[in-house]
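Okay, so the sequence shown: first residue is 61 according to our numbering, each after it adds one. All C-beta atoms, glycine included, are put in the ideal place defined by N, C-alpha and C. Okay, so here's the structure we're looking at.
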Amino acid sequence: MPLSGHCLCKAVTYTVDQDAPLITAYDHCDDCQRQSGSTYSLVAVVLKDKLTINGPIKKWTGKGSSGNDVHRLFCSDCGSPIAHDPDAAPEIIALKAGTLSTEIKQTLKPDTEIWTVSKLPFCQEHLEKPFKHMPE
61 MPLSGHCLCK
71 AVTYTVDQDA
81 PLITAYDHCD
91 DCQRQSGSTY
101 SLVAVVLKDK
111 LTINGPIKKW
121 TGKGSSGNDV
131 HRLFCSDCGS
141 PIAHDPDAAP
151 EIIALKAGTL
161 STEIKQTLKP
171 DTEIWTVSKL
181 PFCQEHLEKP
191 FKHMPE
């Protein structure tokens, strides 16, 4: 079953021609904390060429820790974050897992924890082998 999801107002929808994410990660980076308004962002990493997005998307571009641009995609109507697209890894895109269809996100099993160097001190690590930065 392909992955699918939508923003809060359903103006933006997407499908991914993959049955499962490449990784599902707790992302503790400061930018994800700010974009999500929470302690981390749960992301589902997929192949960018398998993703189709429909609807009114806006993009904000900032610098990632690599010095390369990271494009943050969000619904221009309701503001829901949809994904972040790092130039440092052009073949992948990180969907905000909370936007996945309900039946899909209920079966997610996070397998990676990244940017724990930015993890807030009151957050417990979720997995045994977290990455201080991005995995190589």
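Report the three-state DSSP secondary structure of residue i (helix, strand or coil).
i	result
E173	strand
T99	coil
G65	strand
G158	helix
Here's the rule I'm using: 16 or more other beta-carbon atoms within 10 Å means buried, otherwise exposed. How should residue i be labelled?
i	result
K156	buried
L68	exposed
D87	buried
Considering only the alpha carbon of each residue, which of the options lies closest to residue i?
i	options	result
I174	D90, Y74, C69	D90
Y74	A85, V177, P181, P141	P141
D129	G115, P146, K119	P146
T209	I152, Y100, T176	Missing from the structure shown is residue 209; the chain here goes from 61 to 196 and no further.
Less than 8 Å separating the beta-carbons of residue i and residue j?
i	j	result
V106	V72	no
I117	S98	no
L133	A143	yes
What residues are listed by DSSP as bridge partners for residue i?
i	result
A85	V103, T172
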